[in-house]
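Let me begin by presenting the structure, written as structure tokens, before commenting on it.
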Amino acid sequence: MFKKICIIGVGLIGGSIAKAAREKGLAQNIVAFGRQQGVDNLRRAKQLGVIDEYYFDIKSAVKDADCVIITTPVGAMESILRQLKPFWNEQALYTDAGSTKGSVIDAVNAVFDYVPANFIPAHPIAGAEKSGVEAAKADLFRGKRLIITPVDSSCSQAVDKTIKFWQAIGSNISIMDVEHHDAVLAATSHLPHILAFSLVNMLGKKDEQEEIFKYAAGGFKDFTRIASSDPTMWLDICMANKKQIIPLIQQLKTELSGIEQMLTGDESQQLFQTFTYARQARQRFLNQFDKNMSQSITFKVQPGGSMRGKIRVPGDKSMSHRSIMLGSLAEGTTHVTGFLNADDALATLQAFRAMGVKIEGPENDEVIIHGVGKHGLKAPKDPLYLGNSGTSMRLLSGLLAGQNFDSVLTGDESLSSRPMKRVTAPLLSMGAQIKTQDDGTAPIYITGTSELKGINYHMPMASAQVKSCLLLAGMYADGETIVTEPAPTRDHTERMLNGFSYPVKRDGAVATINSKGKLTACNIDVPSDISSAAFFLVAASIAADSDVTLKHVGINPTRTGIIDILRLMGANIEVLNERIVGGEPVADLHVVYSQLKGIDIPEALVPLAIDEFPVLFVAAACAEGQTRLTGAKELRVKECDRIQVMADGLQQLGVDAQPTEDGMVIQGKTMDSIGGGEVYSHDDHRIAMSFSIAGLRATAAITIHDCENVNTSFPEFRELATKLGLNLT
Ligand code: S3P
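Numbering (the working numbering), first residue to last: 130 to 858.
Pasting the structure below:
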């Protein structure tokens, strides 16, 4: 790529760049410029083969160099640039690795009065507590982020070349503007360093000789690792970026005082919430950005037991998503209770925050949404990351197609492999400008338009997500948007739109909407999710001596397929205290053990129990005789291929489960129904929970790997399951 790279300042960073460039064959010749005082370091760099030569005069160092990389501390930038200026070569690429970019640009301006087109500021987000060339590693930047902060005058070829260079080294590239970079880094790097330094300062001064360091193996050591970083460099960085850092220190003080008050006032519930929020937020970001570091959770279920007790499972996932979406677009303030405080619904919540909506909570299960009106959303700065949530991605596609700004939707590995053409195809025929990858998967790129036109669409599959996506797009389209479903699917969107006073016409399988309505804020009480209750409906049905009541469960007729199917299998389920809450039917479900029998599941019930089949397969394994499911091809494109994954897992546990193209045939057994063994969740929360329930009828322990995804829909699953009697650790 380059004939000669000149590194200015070969320490840890410069040395690692040189090593990586050499390993990848990116330069024929790599030299360094340094000061006389640093001669030992430069000599060492040459001895180690990191560089070919070093110079103390800059003219010789940069002679014929087609790439100059400045890796000195940011405070030295101005003086280095002054020395470089007389030998500036318009044909070469100049870049740096400084941790603050505003100060670098200031230095460039101070020397040149402008930013030369071939100077491209860059910042590799990698480092180590060790410094000096001895610590340099060729893989320091591999898999790490590299931020490039071009300015208006930057030449695009030089930007491209910088990108290619760092990509060749193995970094993941992001482009940001200078100010944004400095704000992000102040929060994610500079403030944490200041905290680590100040904590060691405070505790060290107090009793350095005594306890602290002797017992420093715990949190103190983890937390203060970065206080071993180079003080000169950090002095430099903090001074250079103090404009961004100081307000953050103020915010941190407020946060700490809040915690102090909670402790003083014995407000343990609030403190618990503070810690829980932080823990969940950290887990979410690890899942998103650092799969390797995310905590892996393995469930182990001991065989047998019965389920007894009364519980309330968390709020309905589908309604929680919709409450955020419609509440955000409403005029006025919407109070939501019963909100599902789990990753999927939070993905939607964060997306609307990123589009400028002020949302308070979730606190307990309450959320307050300060609606911005139908046309009040703002362009998100970054792609909207939707985690594992298909509902968020598909519904947002429709909603965002008609906005006056562009957006990009991304998700985790599982979501990024799910089919999105089912929404983008009809949206395209409405005039949306929307693109997926060639294979129809995310990321989805949306160019907002005010030109959407209503369509008359007959859905090829029974999907509430597709229907809802089109109804939301229809709120921004010219004329009527008419959606016909081949079989009834959940109708929470239609009901909730009505709740927000937005007119939707419903006539059997047909729903019709237009852009003339507006949403008026209202209060929403989200009932418990029948899809979460389903695990316990099956658990109590298969475990002898069980008696469970599930309180305040949503029993919308488009969701109650699980009750109908289990009853056909002989389950003993009573629906008690039926009532209407906020336009949705709700009841308490009382279930006691009953020996189940195998059935042919009526196809008409499939869409009404679409999320419950993993746990229904477990019920089938414990039923007398054969259970056959057909007409359920959709299960192959859920969070995982639920037909294959459940068949594999059940077979692993000794169950006779045969997958078919659109369903499964299971030969159930009343004795020794399920064996022990190890299974995997395949990134699917409902698989993890279903195999946990299988433990009740297993002959030996079942280990289920990768259960952290249970947080997507039911973070309290283990707590509630064990409360009822499942021996799950
Ligand atoms: C959902 C609809 C269903 C369901 C999903 C939630 C919704 O998906 O599986 O968990 O909230 O609209 P499909 O519409 O793809 O069947």
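Virtual Cβ for every residue (Gly too), placed ideally from N, Cα, C.
On a CA-only basis, which of the options is nearest residue i? Give me that one, please.
| i | options | result |
| --- | --- | --- |
| Gln479 | Gly516, Asp445, Thr463, Arg847 | Gly516 |
| Phe629 | Glu623, His811, Thr649 | Thr649 |
| Ala508 | Arg523, Pro491, Val537, Gly519 | Val537 |
| Asp311 | Lys293, Val262, Ile375 | Ile375 |
| Lys133 | Asp186, Val197, Glu152 | Val197 |
| Gln431 | Phe843, Pro844, Ile822, Asn370 | Ile822 |
| Ser457 | Gly502, Ala663, Leu475 | Gly502 |
| Ile684 | Asp676, Ile659, Ile694 | Ile659 |
| Pro615 | Ser592, Phe162, Thr466, Glu495 | Ser592 |
| Ile772 | Gln755, Ile739, Ala752, Val442 | Ile739 |
| Gln409 | Ile366, Ala471, Lys446 | Ala471 |
| Trp295 | Ser327, Gln398, Glu152, Asp777 | Glu152 |
| Val710 | Val633, Asp654, Asp674, Ile136 | Asp654 |
| Leu528 | Pro360, Ile584, His504 | His504 |
| Thr539 | Gly569, Phe326, Thr462, Gly712 | Gly569 |
| Thr832 | Phe843, Lys852, Leu853, Leu857 | Leu857 |
| Ala459 | Asp193, Asn627, Phe131 | Asn627 |
| Leu601 | Met588, Glu623, Gln399 | Glu623 |
| Ile146 | Phe216, Thr851, Phe270, Leu556 | Phe270 |
| Ala640 | Leu455, Ile584, Met130 | Ile584 |
| Val595 | Ala561, Met448, Met522 | Met522 |
Less than 8 Å between the beta carbons of residue i and residue j, yes or no?
| i | j | result |
| --- | --- | --- |
| Ala817 | Val784 | no |
| Pro656 | His621 | no |
| Phe414 | Ile453 | no |
| Thr841 | His811 | no |
| Ser546 | Asp835 | no |
| Thr405 | Asp473 | no |
| Val262 | Arg164 | no |
| Ala716 | Asn701 | no |
| Leu725 | Ala761 | no |
| Ala246 | Ile276 | no |
| Ile611 | Tyr586 | yes |
| Asn643 | Ser579 | no |
| Leu745 | Val794 | no |
| Pro844 | Ser661 | no |
| Gly727 | Gly754 | yes |
| Val704 | Leu718 | yes |
| Tyr605 | Ser670 | no |
Between the alpha carbons of residue i and residue j, how many angstroms are there, rounded?
| i | j | result |
| --- | --- | --- |
| Met506 | Phe665 | In the sequence as presented, Met is not what sits at residue 506; that position holds Leu. Taking the straight line joining both Cα atoms gives about 40 Å. |
| Gly859 | Phe820 | Residue 859 lies beyond the range of the chain shown here (130 to 858); nothing can be said about it. |
| Gly699 | Gly387 | 54 Å |
| Thr353 | Lys259 | 14 Å |
| Leu758 | Asp770 | 15 Å |
| Ile187 | Ile180 | 16 Å |
| Cys598 | Arg551 | 10 Å |
| Ala150 | Asp225 | 15 Å |
| Phe79 | Arg619 | Summary: the structure shown does not reach residue 79, with the chain confined to residues 130 through 858, and so no result is reported for it. |
| Ile323 | Ser358 | 11 Å |
| Gln796 | Ala829 | 20 Å |
| Gln380 | Asn652 | 32 Å |
| Pro279 | Lys230 | 10 Å |
| Gln781 | Val808 | 7 Å |
| Asp493 | Gln402 | Just to set this straight, residue 493 is Asn in the shown sequence, not Asp. The alpha-carbon atoms of Asn493 and Gln402 are separated by roughly 8 Å. |
| Leu377 | Ala315 | 8 Å |
| Ala369 | Ala255 | 19 Å |
| Ala267 | Ala297 | 12 Å |
| Ser435 | Val766 | 33 Å |
| Gly577 | Gly490 | 29 Å |
| Leu525 | Leu557 | 15 Å |
| Gln566 | Thr553 | 11 Å |
| Val168 | Thr200 | 17 Å |
| Secondary structure, alpha helix (DSSP H): runs of 4+ residues fully inside the stretch 483 to 551 | 519 to 530
| task | Scan the stretch 762 to 848 and note each continuous alpha helix (DSSP H) run of 4 residues or more that stays entirely inside, going in chain order. | result | 771 to 781, 814 to 823
| Counting only runs that start and end within the stretch 418 to 490, where is the alpha helix (DSSP H) found for 4 or more residues in a row? | 446 to 458, 472 to 483
| said: In chain order, what are the residue ranges of uninterrupted alpha helix (DSSP H) at least 4 long that sit wholly in the stretch 636 to 711? | reply: 659 to 671, 690 to 697
| Environment of the ligand S3P in chain order, Cβ to heavy atom below 5 Å | Ser447, Thr520, Ser592, Ala593, Gln594, Ile739, Asp740
| request: Write down every uninterrupted run of the beta strand (DSSP E) in the stretch 147 to 179 whose length is 3 residues or greater and which is fully enclosed by it, in chain order. | output: Those beta strand (DSSP E) runs which fall completely within the stretch 147 to 179 and span 3+ residues are 156 to 162.
| alpha helix (DSSP H) segments (min. 4 residues) lying fully within the stretch 559 to 638 | 593 to 603, 621 to 628
| field | Length at least 3, wholly inside the stretch 203 to 263: the beta strand (DSSP E) runs in chain order | value | 222 to 225, 251 to 254
| field | Start-end ranges of the alpha helix (DSSP H) lying completely within the stretch 253 to 331, minimum 4 residues | value | 285 to 298, 307 to 314
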